[in-house]
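Note sheet for the following structure.
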Amino acid sequence: MKRFVLFAGLMLGASGAMAAEPIEGNWKTASGETAQIAKCGGAFCVTLKTGKHAGKQIGKMDGKGDAYSGQITDPANDKTYSGSGAVTGNSLKMKGCVMKVLCKTQTWTRI
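Residues -19 to -1, 1 to 92, numbered by mature numbering (1 follows the signal peptide of the UniProt record, and there is no 0), are exactly what the sequence shown covers, in order.
Below you can see the structure in the form of structure tokens.
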């Protein structure tokens, strides 16, 4: 019985370690604002919660697990780029590209 409990505990721990972190939540952007990522329809919407552009939706992404893609808007110049996001633990690597050639990457931190 002790072996079964130990085995079950190890399996639960392993499955938790393999599970991807969700993209949903509050994130501190590279410029210091707070962005909230939440379900909206069948996608995930990125909305700024603090700063000069608070309340503005700046992105919409589809995906699951740790890989997402969609569009992201730079609120400073109101230009929209094809974007992607990758979640690793408490970090979200956001990438925006023009014609898939000129890209900029930022790392956001979960708060």
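Backbone N, C-alpha and C fix where the C-beta goes; we use that ideal spot for every residue, glycine too.
Is Gly22 buried or exposed, if buried means 16 or more other CB atoms sit within 10 Å of its CB? Its Cβ having fewer than 16 others within 10 Å, Gly22 is exposed.
In terms of residue numbering, what span does the beta strand (DSSP E) encompassing Thr31 cover? Per DSSP, Thr31 lies in no beta strand (DSSP E) segment and is marked neither H nor E.
If you follow the beta strand (DSSP E) that residue 180 is in, where does it begin and where does it stop? The requested residue 180 does not occur in the structure, where the chain is confined to residues -19 to 92.
Could you tell me the distance, in whole angstroms, from the CA atom of Gly40 to the CA atom of Ser72? For Gly40 and Ser72, the distance between alpha carbons rounds to 17 Å.
When DSSP labels each residue in this structure, what does Lys81 get in the three-state scheme? Here DSSP, grouped into helix, strand and coil, assigns Lys81 to coil.
Grouping DSSP H, G and I as helix and E and B as strand, with all else coil, what is Met(-2)? Because Met(-2) carries a pLDDT of 46, less than 50, the predicted location of this residue cannot be relied on, and the following value inherits that uncertainty. It is helical.
Beta carbon of Gln52, beta carbon of Ser63: below 8 Å? Yes, these two residues count as a Cβ contact at 8 Å.
So who's on the other strand from Ala57, going by DSSP bridges? Under DSSP, Ala57 takes part in no beta bridge, so it has no partner.
Take Ala24 as the anchor and find which of Met42, Thr54, Cys78 has the nearest alpha-carbon. The residue with the shortest Cα to Cα distance from Ala24 is Met42.
Under the rule that 16 or more other beta-carbon atoms within 10 Å means buried, what is Ile92, buried or exposed? Ile92 comes out exposed.
Leaving out the 5 sequence neighbours to the left and right, which residues in its chain are closer than 8 Å to Lys60 when beta-carbon positions are compared? Cβ within range, chain order: Thr54.
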